[in-house]
Amino acid sequence: MGLFALSLIVPTYNAISPRSDQVRATSNCRQIISALKLYAGDHGGAYPDSDPSQPETANDAFRLLVQQDLIQDERIFGCPISPFNGDNNIGTAPDYTEAVAPNENHWMLVAGLNEKSDPGAPIVFENALSTTLPLTWDTANAGKPVRGRTWRGGKIVVGLNDNSVSVIKLSKKPTPVLNLPPGTRILDIETAP
Numbered sequence: 003m004g005l006f007a008l009s010l011i012v013p014t015y016n017a018i019s020p021r022s023d024q025v026r027a028t029s030n031c032r033q034i035i036s037a038l039k040l041y042a043g044d045h046g047g048a049y050p051d052s053d054p055s056q057p058e059t060a061n062d063a064f065r066l067l068v069q070q071d072l073i074q075d076e077r078i079f080g081c082p083i084s085p086f087n088g089d090n091n092i093g094t095a096p097d098y099t100e101a102v103a104p105n106e107n108h109w110m111l112v113a114g115l116n117e118k119s120d121p122g123a124p125i126v127f128e129n130a131l132s133t134t135l136p137l138t139w140d141t142a143n144a145g146k147p148v149r150g151r152t153w154r155g156g157k158i159v160v161g162l163n164d165n166s167v168s169v170i171k172l173s174k175k176p177t178p179v180l181n182l183p184p185g186t187r188i189l190d191i192e193t194a195p
C-alpha cells in the first residue's frame, strides 16, 4: 500500500516543482522591480543604469541597489534552474564589491527607462542568448541550467515598468511585450568561466 501511495505522489511532485520554480522566479523579478522603483524615488525617477558611474552590465546596475541598501540579499538576482545564482556574499559596506558578481545574476535590464516610462515597457527579464535585437532564447534547452534557456513550453519571465510580472510564451512571431525598438540598449549579465 505504501509503495502505491508513493507512486501517486511522485508524478504530482514532478508536475508541481516547475510551477513552484516559476513562482520563485516571478517573485524575484517583482522584488527587483520594486527595488528599482525605490531607487528611482531617491534619484529623480531614474533607474540605476543612468547612474553617473555608467553601469555597463545588469550586474553593475543591480549592485547599486545593494550599495543603496535597498537589497540585502543578492539571491533575488538568481533564478531556479539557472547557472547564474548569488552566494549572498556581498562584501562589506559601503562598496559591497562582491555583490552581484559575475555568474550571480540571471536577469537582463532594459537601459534608458525611468519610472515615468511606458508602464507596459519590459524592464527586467530572463537572460536571452545575447543582447542583439530581436532577443532570442534557447527553447531546445528548456528547463536546463544554461544561458538563454526557457521554461518548458517556451516560456520566460518578464517584468514590466508597472511592476507587473508575467510568464509569457514565446512564439516564432515577435512577442509584443519584448518587441523592443531598434537601438534599445540591453544591459547584459556578467559571466565568468
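Just add 2 to the spot in the sequence shown (first one is 1) and you have our numbering.
Here a beta-carbon is modelled for each residue, glycine too, at the ideal position from N, C-alpha and C.
Which one of the options has the shortest CA to CA distance from residue i?
i: L137; options: S119, G185, R26; result: G185
i: A95; options: G47, D71, G145, A130; result: D71
i: K118; options: L66, A48, A37, L131; result: A48
i: A130; options: L172, Q33, R26, D53; result: L172
i: V25; options: T193, T133, G80, Y98; result: G80
With a 10 Å radius around its C-beta and 16 neighbouring C-beta atoms as the bar for buried, classify residue i as buried or exposed.
i: P124; result: buried
i: D51; result: buried
i: P183; result: exposed
i: T14; result: For T14, the predicted structure reports a pLDDT of 47, less than 50, and the residue's modelled location is therefore unreliable. The matter cannot be settled from this model.
i: P195; result: exposed
i: Q56; result: exposed
i: V59; result: For clarity, residue 59 is Thr in the given sequence; the question names Val instead. Buried, because 16 or more other Cβ atoms sit within 10 Å of the Cβ of T59.
i: A142; result: exposed
i: V68; result: buried
i: K174; result: exposed
i: R151; result: buried
i: R65; result: buried
Please check the pair residue i and residue j, which I expect to be a contact at CB under 8 Å, by giving their CB distance rounded to whole angstroms.
i: W153; j: V167; result: With 8 Å as the limit, W153 and V167 do not qualify as a contact, their Cβ atoms being about 14 Å apart.
i: D75; j: P121; result: Incorrect: roughly 27 Å between the Cβ atoms, too far for contact.
i: G161; j: C31; result: 4 Å
i: E106; j: F127; result: Their Cβ separation, rounded to whole angstroms, is 17 Å, which puts E106 and F127 out of contact at 8 Å.
Sort out for me which residues DSSP pairs residue i with in a bridge.
i: I170; result: I158
i: D140; result: R151
i: L189; result: L111
Item to check | 4 or more residues per run - each alpha helix (DSSP H) lying fully within the region 46 to 133 | outcome: 60 to 69
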